[in-house]
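Its first residue numbered 47, the sequence shown is counted upward by one per residue in my numbering.
Notes follow once the structure below has been shown.
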Amino acid sequence: MPLFLEDYLAMSATRDGRLRPVAQTIAEMAKAAAVVQAAIASARIPQHAEANPDRVNATGDAQKALDVFADESFLAAAKASPVFCYGSEEQDAPVVLGKGSLALAIDPLDGSSNIDTNVSVGTIFSLLPALDEHREDPVRMYCQPGTRQLAAGIFIYGPQLLLVVTLGLGTKTFIYLPERAGFALLRTSASVPEDAAEYSINASNRRHWPAHVRRYIEDAEAGRDGPRRRNFGMRYVGSLVAETYRILQRGGVFLYPSDRRDGYGSGRLRQVYEANPIAFCIEQAGGAATNGTTRILDLVPETLHARTPLVFGSKGEVETFAGYIGKQTI
Ligand code: FBP
């Protein structure tokens, strides 16, 4: 008999009463994720993968019908949960729901540009305490470092619907079983291999990279004949949740550094609802996450939609990357 998500959440809330609202919220989000997966799998939303030029989200991306559908689905889940405010990539400002002890930060449909190619996409979320002193100014609620997260996770819409989640006691993976309409435990404890010979980066941006990134990648490419004295493989899906799950399964390192393009001075990925939750899941699985010089979870975001360079994965490889910084500047 598998362990179901509700049982795991109930056990966690019994062990630590402060996790009760977290458990309630994740259970509501799991129901929303099943609805989003069904919509993706059946292409049920008309023109689901087409960008609507009239709708642009807070960070400048054209919204697709599925982005909007996922956002509405998770907002409804938040309304049914003890969530004070809902901070989404798809909304300019946090939506104040006015009750509850949690602040939910979410990228409702990460990687939606991959929908029409049938590649895995996902929902990334982070649960923070809703602090009394910021109730009048909810943006400040999201300016807490990632170390304050109570829970974080990703739903992956792919060949399987998965939930990778941490409540601060390891990282667990659940799989959705349609015949049971519920999530069952798939992996008791995810564990990122400490060392791995696979890297993941959008190499088309090479000419824009800082020198330390170019040198790190060149040394990896040189393989056994180069200073690293080993061969590396390269994988890049262009879907953060898919890269994250691959790294959880078999290690490796993912890099989205800052670069010289306009608007990429702090990289592309968002700190509050992408980097922080992924860093929490990865660290709880024994991996590491950095912006190059500082642990991701120690950074204090300036706004809900702040960006950060992000390098995460196998601890040894993340440390090796950090060692390249300062050896040579742009
Ligand atoms: P969105 O949050 O706008 O969906 O973009 C995020 C993302 O699609 C990640 O999933 C992926 O890692 C990254 O962008 C890919 O960016 P690029 O196309 O610049 O390599």
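We put the beta carbon where it would ideally sit given N, CA and C, even for glycine.
Note that this is a predicted model, so its numbers are computed, not measured.
Where do the N-terminal and C-terminal ends of the beta strand (DSSP E) with residue i fall, by residue?
i, result
"Arg233", "Gly228 to Arg233"
"Leu345", "First-last for Leu345: undefined, no H or E at that position."
"Tyr203", "Ala197 to Tyr203"
"Ser304", "Per DSSP, Ser304 belongs to no beta strand (DSSP E) and is neither H nor E."
"Glu244", "Glu244 to Ser246"
"Val210", "Leu207 to Thr212"
Could you tell me whether any non-hydrogen atom of the ligand FBP is closer than 7 Å to the CB of residue i?
i, result
"Leu112", "no"
"Leu286", "yes"
"Ser159", "yes"
"Tyr245", "no"
"Asn277", "no"
"Asp162", "no"
"Arg296", "no"
"Arg2", "Lying outside 47 to 376, the shown extent of the chain, residue 2 is not represented and no answer is given."
"Glu135", "yes"
"Asn248", "yes"
"Tyr302", "yes"
"Glu289", "yes"
"Asp308", "no"
"Asp153", "yes"
"Asp156", "yes"
Output the distance between the C-alpha atoms of residue i and residue j, rounded to the nearest integer angstrom.
i, j, result
"Thr375", "Leu213", "The predicted position of Thr375 is uncertain, since its pLDDT is 41 and thus under 50; a value taken from the coordinates is nonetheless stated next. Answer to the nearest angstrom: the Cα atoms are 39 Å apart."
"Ala76", "Pro154", "12 Å"
"Asn322", "Ile161", "24 Å"
"Arg296", "Gly309", "32 Å"
"Pro303", "Met280", "16 Å"
"Val299", "Asn248", "12 Å"
"Phe326", "Arg316", "14 Å"
"Ile342", "Val238", "17 Å"
"Asp138", "Leu350", "9 Å"
"Arg275", "Ser158", "38 Å"
"Pro191", "Thr340", "12 Å"
"Arg90", "Leu231", "28 Å"
"Tyr203", "Val211", "15 Å"
"Leu143", "Gly362", "42 Å"
"Thr71", "Leu177", "17 Å"
"Gly269", "Leu301", "18 Å"
"Ala11", "Tyr370", "One cannot answer for residue 11 here, as it falls past the ends of the chain, which runs 47 to 376."
"Pro184", "Pro175", "12 Å"
So what does residue i bridge to, in DSSP terms?
i, result
"Ser134", "Ile152"
"Val141", "Tyr132"
"Gly359", "Val299 and Ala334"
"Phe220", "Leu209 and Leu231"
"Met280", "Tyr245"
"Gly313", "Gly311"
"Arg353", "Arg316"
The alpha helix (DSSP H) with residue i in it runs from where to where?
i, result
"Ile263", "Ala257 to Ala268"
Runs of alpha helix (DSSP H) lying entirely within the region 150-194, each at least 4 residues, in chain order: 184-187
Please specify which runs of the alpha helix (DSSP H), each continuous and at least 4 residues long, are wholly inside the region 47-73, giving them in chain order. Within the region 47-73, the complete alpha helix (DSSP H) runs of at least 4 residues are 51-61.
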